[in-house]
Amino acid sequence: MRIKEIKINNFHCYQQTNFQFADRVTILIGKNGSGKSSLIKSIKNALSIFFSNNPLWGYQTIVGSVSDLSVANLSLREIWHDNDMKPAEYVDIRVTAEKVNYEDGSSDGIPSWSFRKFSTPKSKLQNSYYKNAYKYFRENYTDNTAWPLFVYYSDRYPHIDAKLSDSIKIMIDNDEKLYRCWGYYHWDKDSSCALIWQERFIRIHNLLFKRQQRFSRIEDKRSKEAVACRKDIEKFTAEIDFVLKYIKKFTSNADSNLSDITNVLQVTDIIVDGVNENYLVAYFADGSRRRWDELPAGYERLYNIVFDIAYRSYILNGPECEPQGIVLVDELDLHLHPSMEQDVLQRLTSTFEHIQFIVSTHSPLVISNTPLGDFGKIILLRHDGEIYDHTDISDQYGMDYDLVLSAVMDTEPRNAKLEQLKGKYLRLMRRKKTELAEETLVAIKSLVASDDRYQQIAKELNLDLKED
């Protein structure tokens, strides 16, 4: 499944606009406040209609045992307001999408649908505007077909963990294959499911070890006990291998167009370690090993995104189906070293060939080092007073970094570096990493022309922290 177009009326900052998306990757760029987050939220709201639970429509819901899967709620403050703070009559987010047959490349149009709600008190979402799309979804995505992945990664992912509720603990401890609906758990939340999937991986890894130990002690390998044991071994191995396959693929250096092909990034294995408390350890091609939760912040976020996509896809469709669907990533370049900024989209699209990525970024390196060709596009979003507009810009692959900054992103290189460091300082302070934050302040001081300007910046940063 992929989105072709979205038309937005009276949602957040948008009074009336529309966006077209590329089949494989759409990059959203623009200054803070230009509407990137509003666009991403509109997509999340529109996709949430497939989690309807209306028994009168005669279809079994895909919500299953995941109680918090539902159609998004829309508050009055999310409706576009005029200068007198009067809300528009209604919100309407209209989507054109298609179902894709990845075997032959053909596609079938899904009935267009609208996420519509009036601004009158106690108004409810108008489900008649998406009923036909929902019916198509349930008739074409059945128990016997692959389901599309929907998932969103916020700029706070994975640093806000989803809590391990009782239902989650039951899911993690389930020896059998999980119900497919769990592949959508917290798909649209700011919080991270990284810890949940890691706990599940550890659980399955330990079960596999126990079954292998038991099988080795069975004398008659044709006995019922041996057959059952072998079946469990195959099942647990498939789950682990599926996730590991995509981590290895993402971190491999097989693509000759990559900028960074050092072994330091390449994961060769993930094992479970620990005595009183289990944890994941990643082994790298350069011979080093590292606890998964101690990876550098940029790599931790990126590797967890890959881990998350792979695990959700396995739960949705099992080990035989390639991951497919729609993935939204806010601030793709967050915490990344420049060498990884250059390669991140290339790695993601080559790892997940059937995923449509819609991502936002502030990095010229992401833009200028991603060959888009026929399958991708860049949308520049702008904001001037009450006017929000956007335009498609040409492929920037191979363009000079400073040229992209000044001509495309309307920012002088020195100012861009300063803004990047300020953002980095705030993120580090919020995560209580004061030593690294102090080092960032030193870097900021080296960029500015005077001590007075540095003191002004430091004061502004402290005010930002106090407002948190």
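The sequence shown begins at 32 in this note's numbering and counts up one residue at a time. A virtual CB, placed ideally from N, CA and C, is assigned to each residue, including glycine.
Ranked by Cα distance from asparagine 309, the options Ser101, Trp88, Gln229 are led by Gln229. For glycine 407, the three-state secondary structure derived from DSSP is strand. By the 16-neighbour rule on beta-carbons within 10 angstroms, aspartate 300 is exposed. Scanning the stretch 220 to 270 for uninterrupted alpha helix (DSSP H) segments of 4 residues or longer gives 225 to 248, listed from N- to C-terminal end. Spatial neighbours of alanine 474 in its own chain (CB-CB distance under 8 Å, excluding positions within 5 residues in sequence) are listed in chain order as Leu452. According to the DSSP assignment, serine 370 belongs to the alpha helix (DSSP H) that extends over 369 to 382. For alanine 164, the uninterrupted alpha helix (DSSP H) segment begins and ends at 162 to 171.
Listed in chain order, the beta strand (DSSP E) elements of length 3 or more contained wholly in the stretch 54 to 141 are 56 to 60, 121 to 131. Looking from the CA of leucine 107, the closest CA among Pro152, Ser143, Lys455, Asp204 belongs to Pro152. When the five nearest sequence neighbours on each side are left out, the beta carbons in the same chain lying within less than 6 Å of the beta carbon of lysine 38 are those of Asn49, Arg125, in order along the chain. By the criterion of at least three beta-carbon pairs nearer than 8 Å, the stretch 288 to 299 is in contact with the stretch 314 to 322. Assigned with DSSP and collapsed to three states, tryptophan 144 falls in strand. Looking at the backbone, the Cα of tyrosine 165 and that of arginine 187 are separated by about 31 Å. When secondary structure is reduced to three states using DSSP, valine 479 falls in the coil class, being assigned neither helix nor strand. Counting along the chain, glutamate 353 sits inside no beta strand (DSSP E), nor does DSSP assign it H or E at all. Listed in chain order, the non-local C-beta contacts of glutamate 120 below 7 Å within the same chain comprise Phe149, Ser150, local neighbours out to five positions each way being set aside. Residue pairing for tyrosine 184: DSSP places it in a beta bridge opposite Val360. In the displayed model, isoleucine 292 falls within coil according to three-state DSSP, outside both helix and strand. Burial is judged here by how many other beta carbons sit within 10 angstroms of a residue's own beta carbon; threonine 465 has fewer than 16 and is exposed. The beta carbon of leucine 209 lies closer than 7 Å to those of Met202, Ile346 in the same chain, with the five residues before and after it left out. Bridge pairing for arginine 413: Asp420 [DSSP].
In its chain, beyond the 5 residues on either side, Leu457 have a beta carbon closer than 7 Å to the beta carbon of aspartate 495.
In this structure, the CA atom of lysine 155 is about 38 Å from the CA atom of leucine 379. A check of alpha carbon separations from isoleucine 357 across Arg461, Leu403, Glu384, Thr471 identifies Glu384 as the nearest. Asparagine 158 sits in a helix when the DSSP states are folded into three classes. Valine 397: not part of any beta strand (DSSP E); member of the alpha helix (DSSP H) spanning 395 to 399, first to last residue.
With a contact defined as Cβ atoms closer than 8 Å, tryptophan 178 and asparagine 63 miss out at about 35 Å.
Following the DSSP letters along the chain, one finds serine 319 in no alpha helix (DSSP H), marked with neither H nor E.
Going by C-alpha positions, valine 298 is about 7 Å away from serine 283.
Counting along the chain, aspartate 304 sits inside the beta strand (DSSP E) bounded by residues 298 to 304. In the three-state reduction of the DSSP assignment, threonine 48 falls in the strand class.
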